[in-house]
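Chemist:
Numbering (the UniProt record's numbering), first residue to last: 1 to 342.
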């Protein structure tokens with residue numbers, strides 16, 4: 001039989017000398033480097049658990065001590081254990097009581113009559129490993145909660161079948177004006193402007209390429225309504241959460257972007273009007289004037305030298321003006337094209 005060489009710090013709270021000796025022997029059969037502190041009373045156990053120098057991997061607890069027994073003993077040790085796994089070793093064989101002890105927060109319950117070295121070793125390893133998994137889950141939950149709550153963007157979690165909102169972050173509460181309690185009474189549909197609800201639903205999953213939805217989710221720009229009725233343009237990114245048939249939506253307020261885009265489009269419209277006026281309205285009388293000058297030039301022999309000179313200068317100026325109008329029109333069209341919003 002190979003011994004476990006890992007170092008374990010174990011607190012054994014037991015007052016019966018015979019049981020103490022037997023439990024230590026069982027531990028020695030499998031654990032080579034274990035460090036065992038022994039407390040014969042709850043008072044001694046409290047002193048060890050409160051010591052800043054002590055940190056235990058597991059607590060072995062008898063339920064019948066000279067200064068405390070049963071539920072009171074469990075309550076005190078649980079409070080002091082700092083999530084250290086507690087394995088109860090006792091002679092109480094009443095099944096309802098055993099279940100109640102486990103429900104209170106202890107990790108395991110072993111009857112002393114059924115105790116042996118392998119059972120004890122297996123329970124210690126299993127419950128230390130269980131504690132580690134619980135901590136991982138708790139840490140993951142904390143990380144998720146931080147990412148969820150600290151996000152500056154509103155986030156909604158909702159049932160993908162009913163669209164009932166199940167959770168929201170603080171940014172959603174601040175943006176929409178609903179309290180968390182009010183949010184949880186809403187369907188996601190109720191956040192959408194009435195005219196956008198038919199577009200939404202959305203494009204149902206049956207209409208979306210399902211493989212595309214599974215990989216990258218759904219994205220769309222809609223109008224949302226705040227609690228006070230204010231309309232807000234939003235870009236919504238929705239994806240499957242993977243648990244409890246829920247989806248998650250991250251929402252970006254693009255109202256300012258929409259306003260900016262509308263302003264640019266309005267500016268482009270005006271620039272197009274200016275370009276049309278320059279290329280048609282302004283050029284038309286200039287073209288007529290240049291035609292008349294050409295007609296006058298045909299009878300150049302009948303005019304004086306001064307008039308002839310003036311006609312040539314007028315023609316020259318007209319050509320220059322036509323070129324200027326053409327350049328302005330081209331530049332206006334080029335600027336209009338470059339200013340188009342993406």
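Note that CB positions come from ideal geometry on N, CA and C, so glycine has one too.
Quick check: the Cα distance between residue 139 and residue 149, rounded to an integer number of angstroms?
Modeler: On the chain shown, position 139 is the one that residue 139 refers to. On the chain shown, position 149 is the one that residue 149 refers to. Approximately 15 Å between the Cα atoms of the pair.
Chemist: Take residue 119 and list the residues in its own chain whose beta-carbon comes closer than 8 Å to its own, dropping the five residues that flank it on each side.
Modeler: In the chain shown, residue 119 corresponds to position 119, counting from 1. Excluding sequence neighbours, residue 119 sits near 110.
Chemist: Per DSSP, what kind of secondary structure is residue 83 in: helix, strand or coil?
Modeler: Here residue 83 corresponds to residue number 83 of the chain shown, with the count starting at 1. Coil.
Chemist: Considering only their Cβ atoms, is the gap separating residue 73 from residue 380 smaller than 8 Å?
Modeler: Since the first residue shown for the chain is 1 and the last is 342, residue 380 is missing from the structure and cannot be characterised.
Chemist: Which of the three DSSP states, helix, strand or coil, is assigned to residue 233?
Modeler: To locate residue 233, count along the chain shown from 1; it is residue 233. In the structure shown, residue 233 sits in a strand (DSSP, three-state: E or B).
Chemist: Rounded to whole angstroms, what is the Cα-Cα separation between residue 309 and residue 285?
Modeler: Sequence index remark: in the chain shown, residue 309 carries index 309 (1-based). Sequence index remark: in the chain shown, residue 285 carries index 285 (1-based). Cα to Cα, residue 309 sits roughly 22 Å from residue 285.
Chemist: I'd like the list of long-range same chain contacts for residue 2, defined as Cβ closer than 6 Å, with 5 residues on each side in sequence excluded.
Modeler: On the chain shown, residue 2 is found 2 positions in, with the first residue counted as 1. Answer for residue 2: no residue qualifies.
Chemist: When the Cα atoms are used, what is the spatial distance from residue 156 to residue 231?
Modeler: Here residue 156 is taken as the residue at index 156 of the chain shown, counted from 1. Here residue 231 is taken as the residue at index 231 of the chain shown, counted from 1. Answer to the nearest angstrom: the Cα atoms are 18 Å apart.
Chemist: Just curious, the alpha helix (DSSP H) that residue 161 is in, first and last residue?
Modeler: Walking along the chain shown from the start, residue 161 turns up at place 161. First-last for residue 161: undefined, no H or E at that position.
Chemist: Helix or strand or just coil, what does DSSP make of residue 203?
Modeler: As a first step, residue 203 must be located in the chain shown, where it is residue number 203. The pLDDT assigned to residue 203 is 46, lower than 50, so where the model puts this residue is not dependable; a value taken from the coordinates is nonetheless given after this. The answer is strand: DSSP assigns residue 203 an E or B state.
Chemist: Okay, do the segment 90-106 and the segment 57-71 touch, 3+ Cβ pairs below 8 Å being the bar?
Modeler: Contact between the segment 90-106 and the segment 57-71 is present, because at least three Cβ pairs lie under 8 Å.
Chemist: Any idea what DSSP makes of residue 37, helix, strand or coil?
Modeler: Along the chain shown, read from residue 1 onward, the residue named residue 37 stands at position 37. It is a strand residue.
Chemist: How big is the Cα-Cα spacing for residue 132 and residue 243?
Modeler: For the purposes of this step, residue 132 is identified with residue 132 of the chain shown, where counting begins at 1. For the purposes of this step, residue 243 is identified with residue 243 of the chain shown, where counting begins at 1. Approximately 23 Å between the Cα atoms of the pair.
Chemist: Locate the alpha helix (DSSP H) running through residue 2, then write down its first and last residues.
Modeler: Start at 1 with the first residue of the chain shown, and residue 2 comes out as number 2. Neither: residue 2 is in no alpha helix (DSSP H) and is coded neither H nor E.
Chemist: Using a threshold of 8 Å, state whether the C-beta atoms of residue 224 and residue 258 are closer than that.
Modeler: Position 224 of the chain shown, counted from the first residue, corresponds to residue 224. Position 258 of the chain shown, counted from the first residue, corresponds to residue 258. Contact: no.
Chemist: Output needed for residue 246: all residues of its chain with C-beta closer than 7 Å, excluding positions within five of it in sequence on either side, in chain order.
Modeler: Translated into positions along the chain shown, residue 246 becomes position 246. The answer, listed in chain order, is 157, 158, 159, 160, 166.
Chemist: Check each candidate in 80, 147, 237, 29 and name the one with the smallest Cα separation from residue 52.
Modeler: Looking up residue 52 in the chain shown gives position 52. Here the closest residue by C-alpha is 80.
Chemist: In whole angstroms, what is the alpha-carbon distance linking residue 154 and residue 86?
Modeler: The residue labelled residue 154 in the question sits at position 154 within the chain shown. The residue labelled residue 86 in the question sits at position 86 within the chain shown. The straight-line gap from Cα to Cα measures roughly 42 Å.
Chemist: Shortest alpha-carbon distance to residue 30 belongs to which of 6, 311, 98, 168?
Modeler: The residue labelled residue 30 in the question sits at position 30 within the chain shown. Taking only the C-alpha atoms, the option nearest residue 30 is 6.
Chemist: Out of 171, 235, 181, 240, state which residue places its alpha-carbon closest to the alpha-carbon of residue 192.
Modeler: On the chain shown, position 192 is the one that residue 192 refers to. With distances taken between Cα atoms, residue 192 lies closest to 235.
Chemist: Are there 16 or more other CB atoms within 10 angstroms of the CB of residue 50, so buried, or fewer, so exposed?
Modeler: Counting from one through the chain shown, the residue named residue 50 turns up at place 50. The residue is exposed, with fewer than 16 neighbouring Cβ atoms inside 10 Å.
Chemist: Can you tell me which of the three DSSP states residue 219 falls into?
Modeler: Mapped onto the chain shown, residue 219 falls at position 219. In this structure, residue 219 counts as strand in the three-state DSSP scheme.
Chemist: May I ask you to list the residues that DSSP assigns as paired with residue 167?
Modeler: Working through the chain shown from its first residue, we reach residue 167 at position 167. Note: residue 167 sits in a beta bridge opposite 157.
Chemist: Which partner residues does residue 64 have in the DSSP bridge list?
Modeler: Here residue 64 refers to the residue found at position 64 of the chain shown. In the DSSP output, where bridge partners are listed per residue, residue 64 has 69.
Chemist: Using the Cα positions of residue 47 and residue 147, report the straight-line distance between them to the nearest angstrom.
Modeler: One-based indexing of the chain shown puts residue 47 at position 47. One-based indexing of the chain shown puts residue 147 at position 147. One C-alpha to the other measures close to 39 Å.
Chemist: In the DSSP assignment, what are the bridge partners of residue 192?
Modeler: Mapped onto the chain shown, residue 192 falls at position 192. According to DSSP, which records beta bridges pairwise, residue 192 is partnered with 224.
Chemist: Is the distance from the Cβ of residue 26 to the Cβ of residue 117 below 8 Å?
Modeler: In the chain shown, counting from the first residue as 1, residue 26 sits at position 26. In the chain shown, counting from the first residue as 1, residue 117 sits at position 117. It is a contact, given that the beta carbons lie within the stated cut-off.
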